[in-house]
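Everything in the sequence shown is counted per numbering that gives the first Met the number 0, starting at 0 for the first residue and increasing by one. From the three backbone atoms N, C-alpha and C, an ideal C-beta is built for every residue, glycine too. Predicted model, so just to flag it, every value in this text is computed and none were measured.
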Amino acid sequence: MSAEAGPATAGAPDGAIRRVRLPADRRTPAAARAVVRSVLTESHLDELANEALLLTTELTTNAVEHARTELDIEVVADAIGLTVTVSDFAPGSGDELTVGARNDSTEIDQVSERGRGLLLVDHFASRWGTTYLPTGKGVWFRLDRPGADPPAEGTDGGDPQVSTDRSAPSASAMSELMQTAPDLYADDPLPDFATSLLSRVAEMVGAAGGTIRLDRGDGQGRQVLARFGRPPRPDSDLLRVPLTVHRPYGGELELDAAPSAYARPLAVLTAERLSLHLENDRLRRADVRRQVWLTFLAEASELLAQSLDVDLTMALVPQLVVPRLGQWCAVHTADEWGRLRLAAASHADESMLPQLHKVLAETGQDSIQARLREASRSAAQIPLGGPMEGFAVPLIARGERLGTLAVGRHQRHRHDPDEVAVLEDVARRAALAIENARIHAERRRVAQTLQQSLLPPVLPLVDGIGFAAEYVPTGDDAEVGGDFYDVVPLPDGRWLVVIGDVSGKGVQAAAVTGLVRDVIRVLVGDGKPLPEVLARLNETLVERGGGRYCTLALAAVGPGPGDELDVSLHLAGHDQPVLLAGAGGAGFVGTGGTALGLLDTITSPTAKIALSPGDSLIFYTDGVTERRRGRELFGTDRLRDAAAPLAGYSADVVAARLRSAAINFSVEPPRDDIAILVLRNDAI
Numbered sequence: 000m001s002a003e004a005g006p007a008t009a010g011a012p013d014g015a016i017r018r019v020r021l022p023a024d025r026r027t028p029a030a031a032r033a034v035v036r037s038v039l040t041e042s043h044l045d046e047l048a049n050e051a052l053l054l055t056t057e058l059t060t061n062a063v064e065h066a067r068t069e070l071d072i073e074v075v076a077d078a079i080g081l082t083v084t085v086s087d088f089a090p091g092s093g094d095e096l097t098v099g100a101r102n103d104s105t106e107i108d109q110v111s112e113r114g115r116g117l118l119l120v121d122h123f124a125s126r127w128g129t130t131y132l133p134t135g136k137g138v139w140f141r142l143d144r145p146g147a148d149p150p151a152e153g154t155d156g157g158d159p160q161v162s163t164d165r166s167a168p169s170a171s172a173m174s175e176l177m178q179t180a181p182d183l184y185a186d187d188p189l190p191d192f193a194t195s196l197l198s199r200v201a202e203m204v205g206a207a208g209g210t211i212r213l214d215r216g217d218g219q220g221r222q223v224l225a226r227f228g229r230p231p232r233p234d235s236d237l238l239r240v241p242l243t244v245h246r247p248y249g250g251e252l253e254l255d256a257a258p259s260a261y262a263r264p265l266a267v268l269t270a271e272r273l274s275l276h277l278e279n280d281r282l283r284r285a286d287v288r289r290q291v292w293l294t295f296l297a298e299a300s301e302l303l304a305q306s307l308d309v310d311l312t313m314a315l316v317p318q319l320v321v322p323r324l325g326q327w328c329a330v331h332t333a334d335e336w337g338r339l340r341l342a343a344a345s346h347a348d349e350s351m352l353p354q355l356h357k358v359l360a361e362t363g364q365d366s367i368q369a370r371l372r373e374a375s376r377s378a379a380q381i382p383l384g385g386p387m388e389g390f391a392v393p394l395i396a397r398g399e400r401l402g403t404l405a406v407g408r409h410q411r412h413r414h415d416p417d418e419v420a421v422l423e424d425v426a427r428r429a430a431l432a433i434e435n436a437r438i439h440a441e442r443r444r445v446a447q448t449l450q451q452s453l454l455p456p457v458l459p460l461v462d463g464i465g466f467a468a469e470y471v472p473t474g475d476d477a478e479v480g481g482d483f484y485d486v487v488p489l490p491d492g493r494w495l496v497v498i499g500d501v502s503g504k505g506v507q508a509a510a511v512t513g514l515v516r517d518v519i520r521v522l523v524g525d526g527k528p529l530p531e532v533l534a535r536l537n538e539t540l541v542e543r544g545g546g547r548y549c550t551l552a553l554a555a556v557g558p559g560p561g562d563e564l565d566v567s568l569h570l571a572g573h574d575q576p577v578l579l580a581g582a583g584g585a586g587f588v589g590t591g592g593t594a595l596g597l598l599d600t601i602t603s604p605t606a607k608i609a610l611s612p613g614d615s616l617i618f619y620t621d622g623v624t625e626r627r628r629g630r631e632l633f634g635t636d637r638l639r640d641a642a643a644p645l646a647g648y649s650a651d652v653v654a655a656r657l658r659s660a661a662i663n664f665s666v667e668p669p670r671d672d673i674a675i676l677v678l679r680n681d682a683i
């Protein structure tokens, strides 16, 4: 068979000619086949239908795919055969548009990527050729009836001698090979699809056996995807065709076949068909893998964000990385001088942890420690050499270098680009989580220091008077509360018990709390009476402004007649304290007054209370009574009822028991500070 200069149409009856122009879209091959089928039926050339329709499909599909212009289809039938010409209007040279294999008179020894169409034309057509016109290019083929004498030389511009190969595959076999497709509903259709392709091409070329091997780049090397017939003989000269797939995929097709004009082209054609579906498989797996990585990163971010403890955050990072992204992982933190300290490490094999720690601790020019310091200084990824091969990624958050994340390679293969990108993303998220935990730890330290400065370090020890206090900060330990208490000596020998609550939380509330505490200490130290102390303090808060107000309970305690204690109680918007009698029974005492910082003038009536031996006066803030369980509050009545059974106990026990009762009322952390101060007559 040979490629000719042009088709012959002379002498054809008018009724056996069809010429149509079709658009360049996916429906064109079907429309062209319909035209050819009608001419075949009209000319009684049905025995040429399989070959004619197959070649028409190939030429029109090829032209639509590459020329992307309208197509002219001309079908001419005569007594002995059929000629079909497909012409396009694409500009350019013939080399740019030719998609067939380079053909010589002996053998087609290679097939280009776009050469399947003309390979089939060369195989099945009696003659074929290409016509170049100013407006474009046409490809034609001629099919003759079996046994028919070809036209005389010169009538069709071709060689009258048509070579035949009795071993050539049939049109139906070629059609089955081209139409073989994987099962769309199978979990893994590639093995069955590859086996089907291999068996068909092996039967077409008479191969004794064949194998398709595939390497997916997962560290397992080349695996047998499909096998046909007997294993190849050691001394056999196998026909090997590489699979045209992108990295990390790779593989080849092997056939134990005798050399022929069609063995290699058909093997190449089969390999290309399989490669197309392997590429789809690679892209599908890559997409699934990326979705898995996105889910992993989202879960890692959520897990890291939940921890505000620095040590716990750094311990979580290796647990996230191993074994999904490496055999081992180590997190080093850098101090202000750039020195690295191992914070956390993990290994897929726990028995290797001592060796890992030993290698990470080694120093020297070529040690892993040196490479980690280089990664931290350069803020770039640094490969790690043996014996713990891997790479180091710097931990950087908000422009600050926090240390390094070192990861060891997988047991079976090196990290691929996707894994490296995921690890770098993990490093960024880990660094941000560590920095956030550090910031929170600093805030917590500052809040605790500030909170402690607003409370007395210890309560005074006084003969005959027992003092005890319990304080529980809000659930957010990085926030400063506005509750406070104090016990201050008075110039006249008495003691002043103070408990208060400044509205709001945070630094501003703490500032007002410190102001209230200091003003009280200064005024009572000057001997001012309690009503004047409250009035001056109210003036100070009103002048200061800012919308902050304060509730206070002040009680001046001193010796009374006999063993009693005299208490002068002033309430400035604060809840009434509970009087717990030593003989049993509990009730509220005191008269309510005006909160400080809201009005220019206030009222604060004085309540006189006598505490007999064993009696206790219990002060508290609204963090106790407003402790919430769903919609239910702990409340003042529940506080009184919880205090009643504690008659006769020491001040320490009463305060501790009431604290437990309030905390255990709900499983939620406190939403407000809880402060309890107990004053007891300890006279015997």
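Problem - Entirely enclosed beta strand (DSSP E) segments - the segment 426-459, minimum 3 residues - result: none
Practice task
Mind listing, in chain order, the continuous beta strand (DSSP E) runs of no fewer than 3 residues lying wholly within the segment 308-352?
Solution key: 327-333 and 339-346
Exercise for the section: Just mark E253 as buried or exposed, buried being the case when its beta carbon has 16 or more other beta carbons within 10 Å. Expected result: Numbered from 1 along the sequence shown, position 254 holds the residue referred to as residue 253. So E253 ends up on the buried side.
Problem - Element boundaries [beta strand (DSSP E), containing S86] - result: For the purposes of this step, residue 86 is taken as residue 87 along the sequence shown, with counting starting at 1. Annotation for S86: the continuous beta strand (DSSP E) segment containing it runs G80 to D87.
Handout entry: Helix, strand or coil at D562 according to DSSP, with G and I counted as helix
Key = Taking the sequence shown and counting its residues from 1, one reaches residue 562 at position 563. In this structure, D562 counts as coil in the three-state DSSP scheme.
Handout entry: Through-space distance from V35 to L54, alpha-carbon basis
Key = Along the sequence shown, one-based indexing puts residue 54 at 55. Along the sequence shown, one-based indexing puts residue 35 at 36. Answer to the nearest angstrom: the Cα atoms are 11 Å apart.
Exercise for the section: Look at the alpha carbon of A646 and the alpha carbon of G583, and state the distance between them as a whole number of angstroms. Expected result: As a position in the sequence shown, residue 646 is number 647, starting the count at 1. As a position in the sequence shown, residue 583 is number 584, starting the count at 1. Whole-angstrom Cα-Cα distance: 5 Å.
Problem - Three CB pairs or more closer than 8 Å across the segment 642-659 and the segment 581-595 - result: yes
Problem - Spatial neighbours of I498 in its chain, beta-carbon cut-off 7 Å, leaving aside the 5 residues before and after - result: As a working note, residue 498 is residue 499 in the sequence shown. Here the set comprises Y484, A552, F618, T620, A674 and L676.
Exercise for the section: Within the same chain, show all residues whose beta-carbon is closer than 7 Å to that of V501, passing over the 5 residues directly before and after it, in chain order. Expected result: Your numbering for residue 501 matches position 502 in the sequence shown. Once the five neighbours on either side are set aside, the close Cβ partners of V501 are G481, A508, V511, T512, V515, R547 and C549.
Handout entry: V204 beta carbon less than 8 Å from that of S259
Key = Translated into positions along the sequence shown, residue 259 becomes position 260. Translated into positions along the sequence shown, residue 204 becomes position 205. Yes, these two residues count as a Cβ contact at 8 Å.
Exercise for the section: Could you tell me which of Q575, R444, L401 and A89 sits nearest to R70, measuring between CA atoms? Expected result: Residue numbering aside, residue 70 sits at position 71 when the sequence shown is read from its first letter. Residue 70 is actually Leu in this sequence, not Arg. Measuring from the Cα of L70, the nearest candidate turns out to be A89.
Handout entry: S375, buried or exposed, once every other Cβ within 10 Å from all chains shown has been counted against 16
Key = Along the sequence shown, one-based indexing puts residue 375 at 376. Residue environment for S375: buried (at least 16 other C-beta atoms within 10 angstroms of its C-beta).
Practice task
Consult DSSP for K504 and reduce its assignment to one of helix, strand or coil.
Solution key: On the sequence shown, position 505 is the one that residue 504 refers to. K504: coil per DSSP, three-state reduction.
Handout entry: Cross-strand partners of L678 (DSSP beta bridge)
Key = Residue mapping note: residue 678 aligns to position 679 of the sequence shown, counting from 1. F466 and L616, per the DSSP bridge assignment.
Exercise for the section: Report the residue from G249, H245, L237 and P264 whose alpha carbon sits nearest the alpha carbon of A257. Expected result: Taking the sequence shown and counting its residues from 1, the one referred to as residue 257 is at position 258. Taking only the C-alpha atoms, the option nearest A257 is L237.
Handout entry: Option in V506, G505 and L540 with minimal Cα separation from I519
Key = Here the question's residue 519 lines up with position 520 in the sequence shown. Comparing Cα positions, the closest option is L540.
Exercise for the section: Could you tell me if V320 is buried or exposed, where buried requires 16 or more neighbouring beta carbons within 10 angstroms of its beta carbon? Expected result: Position 321 of the sequence shown, counted from the start, is the residue given in the question as residue 320. Buried, since its Cβ has 16 or more Cβ neighbours within 10 Å.
Practice task
Hey, could you find the ends of the beta strand (DSSP E) V138 is sitting in?
Solution key: Sequence index remark: in the sequence shown, residue 138 carries index 139 (1-based). Element bounds for V138: G135 to D143.
Handout entry: Cα-Cα separation between S42 and A76, rounded to whole angstroms
Key = One-based indexing of the sequence shown puts residue 42 at position 43. One-based indexing of the sequence shown puts residue 76 at position 77. Their backbone Cα atoms lie some 7 Å apart in a straight line.
Handout entry: Presumed contact (8 Å Cβ cut-off) between T590 and A606, rounded CB distance
Key = Numbered from 1 along the sequence shown, position 591 holds the residue referred to as residue 590. Numbered from 1 along the sequence shown, position 607 holds the residue referred to as residue 606. Indeed they touch by this definition, with Cβ atoms about 5 Å apart.
Exercise for the section: State the Cα-Cα distance for the pair V316 and A396, rounded to the nearest angstrom. Expected result: One-based indexing of the sequence shown puts residue 316 at position 317. One-based indexing of the sequence shown puts residue 396 at position 397. Cα to Cα, the separation comes out at about 15 Å.
Exercise for the section: Report the option in E667, A650 and L657 whose CA atom is closest to the CA atom of G629. Expected result: Taking the first residue of the sequence shown as position 1, residue 629 is located at position 630. Out of E667, A650 and L657, E667 has the C-alpha closest to the C-alpha of G629.
Handout entry: Beta-bridge pairing of W292 - partner residues as DSSP gives them
Key = Stepping through the sequence shown from its first residue, residue 292 is reached at position 293. Partner(s): none; W292 has no beta bridge.
Handout entry: Secondary structure of P382, DSSP reduced to three states
Key = Reading the sequence shown from its first residue, position 383 is the one you call residue 382. Strand at P382.
Practice task
Kindly give me the distance between the Cβ atoms of R493 and A555, rounded to whole angstroms, as I take these residues to be in contact under 8 Å.
Solution key: Here the question's residue 493 lines up with position 494 in the sequence shown. Here the question's residue 555 lines up with position 556 in the sequence shown. Their Cβ separation, rounded to whole angstroms, is 5 Å, which keeps R493 and A555 in contact under 8 Å.
Handout entry: Inter-residue CB distance, V244 and L197 (contact presumed, cutoff 8 Å)
Key = Your numbering for residue 244 matches position 245 in the sequence shown. Your numbering for residue 197 matches position 198 in the sequence shown. Not quite, the Cβ-Cβ distance comes to about 16 Å (not below 8 Å), so this is no contact.
Handout entry: Contact the segment 364-372 vs the segment 290-307: 3+ CB pairs below 8 Å
Key = no
Practice task
Identify whether L597 lies in helix, strand or coil by the three-state DSSP scheme.
Solution key: For this step, residue 597 is matched to residue 598 along the sequence shown. Coil at L597, not helix or strand.
Practice task
Give me the Cα-Cα distance between E95 and R26, rounded to the nearest whole angstrom.
Solution key: Translated into the one-based positions of the sequence shown, residue 95 becomes position 96. Translated into the one-based positions of the sequence shown, residue 26 becomes position 27. Reliability fails at E95, whose pLDDT of 37 lies under 50, so the model's placement of it is uncertain and no value is given.
Exercise for the section: Please name the residue, chosen from Y470, L273 and Q380, that lies closest to A391 on a Cα-to-Cα basis. Expected result: By one-based count along the sequence shown, residue 391 stands at place 392. Minimum Cα distance to A391 is reached at Q380.
Problem - Pairwise C-alpha distance: L224 and A440 - result: Numbered from 1 along the sequence shown, position 441 holds the residue referred to as residue 440. Numbered from 1 along the sequence shown, position 225 holds the residue referred to as residue 224. Distance between the alpha carbons of A440 and L224 is about 56 Å.
Handout entry: Buried or exposed (CB count within 10 angstroms, at least 16 for buried), R658
Key = The residue labelled residue 658 in the question sits at position 659 within the sequence shown. Classification of R658: buried, given that the 10 Å Cβ count is 16 or more.
Problem - For G128 and G153, the rounded distance between their alpha carbons - result: To locate residue 153, count along the sequence shown from 1; it is residue 154. To locate residue 128, count along the sequence shown from 1; it is residue 129. Any reading at G153 must be qualified, since the residue scores a pLDDT of 41, below 50, and its modelled position is unreliable; the value itself is stated next. Near 14 Å, if we compare the C-alpha coordinates of G128 and G153.
Exercise for the section: Measure the CB-CB distance between G80 and D143 and report whether it falls below 8 Å. Expected result: In the sequence shown, the residue the question calls residue 80 occupies position 81. In the sequence shown, the residue the question calls residue 143 occupies position 144. Cβ distance < 8 Å, so G80 and D143 count as in contact.
Practice task
Look at the alpha carbon of R32 and the alpha carbon of T134, and state the distance between them as a whole number of angstroms.
Solution key: Stepping through the sequence shown from its first residue, residue 32 is reached at position 33. Stepping through the sequence shown from its first residue, residue 134 is reached at position 135. When rounded, the separation of the alpha-carbon atoms in R32 and T134 is 24 Å.
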